[in-house]
Amino acid sequence: MEGTPYNFFVQWHLTERCNLRCRHCYQQVAPEDLDLSEIRQGVDNIKNATEGWAASYAVEMSPSFHFTGGEPVLRTDLFDILDYVRSQGFSISLMSNGTLIKPEVARRIRDAGVQDVQVSLDGLEAVHDSIRGKGSFKRALRGIENLLAEGVDANVNLTLSKLNAEQIEGLVNLAKEMGLSAVSFSRLVPCGRGEELGSQILTPVELARIYNNLSEFTDSKVSVISRDPLMTVARLKEEIPDVDFPVGGCAAGVFGVTVTADGSIMPCRRMDLSIGNIRDVSFRELWIESPVLQQLRNRQSYHGGCQSCRYWAVCRGCRAVALAFARSIGEEDYLGPDPQCPSYEPRTTG
Ligand code: SF4
Ligand code: SF4
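Take 18 as the starting number for the sequence shown in the working numbering and just add one per residue.
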């Protein structure tokens with residue numbers, strides 16, 4: 018997903034335990050969670066890297082941690098973790114299913130200085146409950162209301178598939194009525210339990226139609242966004258930088274990384290590709306030396322479309338979707354085509 022070199026982020030899955038069992042979830046088996054002291058050490062490890070980059074390259078960094086799960090609110094030490102991360106100068110977001118955010122939890126989230134909370138909604142009530150379980154929609158909405166009552170910036174994210182593609186307008190209207198700051202959209206990645214929903218993946222034409230129309234919904238009340246690189250391409254207005262280094266697009270290993278509950282480091286959670294463990298490696302060295310990360314940043318490593326595409330620097334497709342489709346035909350390939358791409362155009366230089 019898009020970002021800039023200055024807005025480096027870590028998406029940290031504090032636990033894979035969850036009180037729901039969503040049909041599209043990428044998590045299948047819950048590993049043992051890192052404990053509080055291991056998480057603090059991991060944060061220090063990452064801080065060492067971001068401070069090092071700021072000093073070495075004379076750039077101003079605004080690194081952030083996005084905490085999620087499973088369901089992060091299930092961790093009894095969640096607020097100890099948030100306090101520590103804040104004390105180290107990072108900004109914090111939370112991603113939650115919303116169902117456990119009681120008034121007291123919302124108050125503590127506000128007091129912890131959390132910048133915003135993203136709650137997953139997968140459509141309006143009937144569709145959402147069919148994906149996430151009966152009653153989960155109403156409970157998620159109560160959680161959002163509790164956040165708003167405490168003045169916490171709340172927004173919602175929908176994982177797009179054929180199951181809910183017709184619900185976009187309804188969801189945007191709901192967001193406006195509730196006073197949410199944003200509605201965002203991500204693509205269903207057919208991995209984990211989401212593999213069962215492979216037939217619900219949108220075609221390139223369907224996805225293009227949705228992304229071309231999304232901007233119509235944005236107004237002064239709510240931002241309607243997607244961090245999907247294909248959305249970036251759909252909305253491109255200015256001159257495209259035809260360069261061989263990433264300047265936008267898929268964030269995996271470029272603008273951010275994921276740390277999973279057991280400390281595994283992945284380019285993106287949806288890629289399910291461990292490149293080390295935060296307990297064992299110097300993150301600063303791994304960021305430079307990991308062959309996987311190096312490949313993700315190198316145009317020449319790609320093949321089958323993206324490599325020769327004029328949008329490579331600002332897109333590169335969703336590497337998680339590319340990997341999931343390759344795995345579905347028995348190949349371990351995260352550098353091939355994004356099968357949902359409707360926008361390939363050959364570059365005219367290079
Ligand atoms: S071919 Fe790759 S880089 Fe080009 S628009 Fe499609 S996904 Fe993006
Ligand atoms: S792999 Fe896909 S989900 Fe992950 S950062 Fe890239 S575009 Fe986003």
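We put the CB at the ideal spot given by N, CA and C, even for glycine.
- The Cβ atoms of Gln28 and Val276 sit closer than 9 Å to each other.
- Contact between Ser137 and Ser110 does not hold, since their C-beta atoms are separated by about 13 Å, which reaches or exceeds 8 Å.
- Val276 has its Cβ no nearer than 8 Å to any heavy atom of ligand 2.
- Residue environment analysis places Tyr328 among the buried positions, since at least 16 neighbouring C-beta atoms fall within 10 angstroms of its C-beta.
- When DSSP states are grouped into helix, strand and coil, Gly160 belongs to the helix group.
- Closest in alpha carbon position to Val338, among Pro284, Ser79, Cys208, is Cys208.
- The beta carbon of Cys323 sits closer than 6 Å to those of Trp329, Arg333, Gly334, all from its chain and outside the five residues before and after it, given in chain order.
- Nearest to Asn36 by alpha-carbon distance, out of Val60, Ser54, Leu91, Ser198, is Leu91.
- Phe25 is the residue among Phe25, Asp97, Leu53 whose C-alpha sits nearest the C-alpha of Lys64.
- Contact between Val309 and Gly270 holds: their C-beta atoms lie close to 7 Å from each other, under 8 Å.
- The closest heavy atom of ligand 1 lies 8 Å or more from the beta carbon of Asp350.
- For Val173, the enclosing beta strand (DSSP E) covers residues 171 to 177.
- The C-beta distance from Arg336 to Leu303 rounds to 18 Å, too long to fall under 8 Å, and the pair is not in contact.
- The secondary-structure analysis by DSSP pairs Ala269 across a beta bridge with Gly273.
- If you check the CB distance, Val173 and Leu205 do not come in under 9 Å.
- At a threshold of 8 Å, Asp355 counts as near ligand 1, since its beta carbon sits closer than that to one of the ligand's heavy atoms.
- Gln135 is positioned such that its CB atom lies closer than 9 Å to that of Met112.
- The beta carbon of Met288 sits closer than 8 Å to at least one heavy atom of ligand 2.
- Ranking Leu141, Asp128, His30, Arg364 by CA distance to the CA of Pro258 puts Arg364 first.
- For Trp329, no beta strand (DSSP E) run applies, since DSSP gives it neither H nor E.
- Rounded to the nearest angstrom, the Cβ distance from Tyr228 to Ser243 is 7 Å, consistent with a contact under 8 Å.
- Relative to Ile148, the option among Leu214, Arg226, Val331 whose CA is nearest is Leu214.
- For Met288, the secondary structure class from DSSP, reduced to helix, strand or coil, is helix.
- For Pro221, DSSP assigns no beta-bridge partner whatsoever.
- In summary, His320 is exposed, with fewer than 16 beta-carbon neighbours lying within 10 Å of its beta-carbon over all protein chains present.
- Excluding the 5 residues flanking it on each side, Ile292 has same chain C-beta neighbours closer than 6 Å at Ile282, Ser307, Val309, in chain order.
- Secondary-structure assignment with DSSP links Val134 through a beta bridge to Leu111, Ala171.
- No heavy atom of ligand 2 is found nearer than 8 Å to the CB of Gly265.
- Shortest Cα-Cα distance from Val122 to any of Gly106, Phe96, Gly140 involves Phe96.
- According to the DSSP secondary-structure assignment, Asn65 is paired through a beta bridge with no residue.
- Rounded to the nearest whole angstrom, the CA to CA distance from Gly160 to Leu188 is 16 Å.
- C-alpha of Pro354 to C-alpha of Asn114: approximately 31 Å in a straight line.
- DSSP links Gln28 through a beta bridge to His83, Thr275.
- Between Thr32 and Asp52, the C-beta gap is not smaller than 9 Å, which leaves the two residues out of contact.
- The Cβ-Cβ distance between Gly280 and Ile295 falls below 9 Å.
- Counting other Cβ atoms within 10 Å of its Cβ, Thr220 stays below 16 and is therefore classed as exposed.
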